[in-house]
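Undergrad: This structure is in structure tokens; I'll ask about it shortly.
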Amino acid sequence: MNTTTASLIATTDWSPLVLSLQVAAVATLLALVVGVALGWVFARKQFVGSGVLEAVFMLPLVLPPTVIGYAILVAAGRRSPLGAWLREHFDYTIIFSWHGAVVASAVVALPLVLKSASAAFSNVDRSLEAAASTLRQSPFSVFLRVTLPLAWPGILAGTLLAFARAMGEFGASLMVAGSIPKQTQTLSMAIYDAVQAGHDDLALLLVVVTSVLSIAVLVVSNRFFSLR
Numbered sequence: 017m018n019t020t021t022a023s024l025i026a027t028t029d030w031s032p033l034v035l036s037l038q039v040a041a042v043a044t045l046l047a048l049v050v051g052v053a054l055g056w057v058f059a060r061k062q063f064v065g066s067g068v069l070e071a072v073f074m075l076p077l078v079l080p081p082t083v084i085g086y087a088i089l090v091a092a093g094r095r096s097p098l099g100a101w102l103r104e105h106f107d108y109t110i111i112f113s114w115h116g117a118v119v120a121s122a123v124v125a126l127p128l129v130l131k132s133a134s135a136a137f138s139n140v141d142r143s144l145e146a147a148a149s150t151l152r153q154s155p156f157s158v159f160l161r162v163t164l165p166l167a168w169p170g171i172l173a174g175t176l177l178a179f180a181r182a183m184g185e186f187g188a189s190l191m192v193a194g195s196i197p198k199q200t201q202t203l204s205m206a207i208y209d210a211v212q213a214g215h216d217d218l219a220l221l222l223v224v225v226t227s228v229l230s231i232a233v234l235v236v237s238n239r240f241f242s243l244r
């Protein structure tokens, strides 16, 4: 490592990295809870319109991030019924706050957890669940003790992919949370701002950091996929 690189690392503001990890962790937790629940429903319950409903939840995979950001603004922005109610009763808004980045990241990460969870639940041997049911286990107990442990490797692999996706979210988060230094500026936004300002060395450093983190997450995720 040369002197210039060492100096750049020492003088770089690493708050975007910390915020990116914070946002990705909370967003992934939200996506995990909702994704596991929806994955189980779509894997085990057949009802009219289930395919269409699942496709709706998978839309963030294919829609432009700006569309997702706009949808969040319409649903929870200051002029929306929900946003106005939150502002009136709690003096709270997700707009231009790191919570907005969490919501945007959770929405785009949800399909990865949902699809992995649905596939994992579908691959669980139903005869094992039936055997557990004969031992006076409640359906919830069977889910916790049999279904979830058997499906967990696939769910965890999808969750790690969701974390990587949440950490790299840019478009929707920019529309909802903006890029405010030390408040809502994540790694992806810091890279964009550095390029716009002509700070190529800083942009390259942040790209390397982001790439290393993403590769590490993908390697671990592939490990869990191999255990399915």
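Numbering (our numbering) for the sequence shown: 17 to 244. By construction, the Cβ of each residue, glycine as well, lies at the ideal position given by its N, Cα and C atoms.
1. What is the rounded straight-line gap between the Cα of V124 and the Cα of I88?
2. Who are the Cβ neighbours of A122 in its own chain at under 6 Å, not counting the five residues just before and after it?
3. Answer with buried or exposed for K131, where buried requires no fewer than 16 other C-beta atoms within 10 angstroms of its C-beta.
4. Taking the Cβ atom as the reference point for each residue, do V39 and V140 lie within a distance shorter than 8 Å?
5. Could you spell out where the alpha helix (DSSP H) holding G246 opens and where it closes?
6. What separation, rounded to the nearest whole angstrom, lies between the Cα atoms of T200 and A167?
7. Do the CB positions of T109 and L102 come within less than 8 Å of each other?
8. Let me know the secondary structure DSSP gives H115 once reduced to three states.
9. Looking at the structure shown, is S96 part of a helix, part of a strand, or coil, going by DSSP?
10. So the candidates are L234, A91, L172 and L128; which of them puts its Cα closest to the Cα of I111?
TA: With the structure as the only source:
1. 11 Å
2. A43, L46 and A47
3. buried
4. no
5. The shown model of the chain, from 17 to 244, leaves out residue 246, and the question about it has no answer.
6. 35 Å
7. yes
8. Three-state DSSP puts H115 in a helix.
9. Reduced to three states, the DSSP call for S96 is coil.
10. A91
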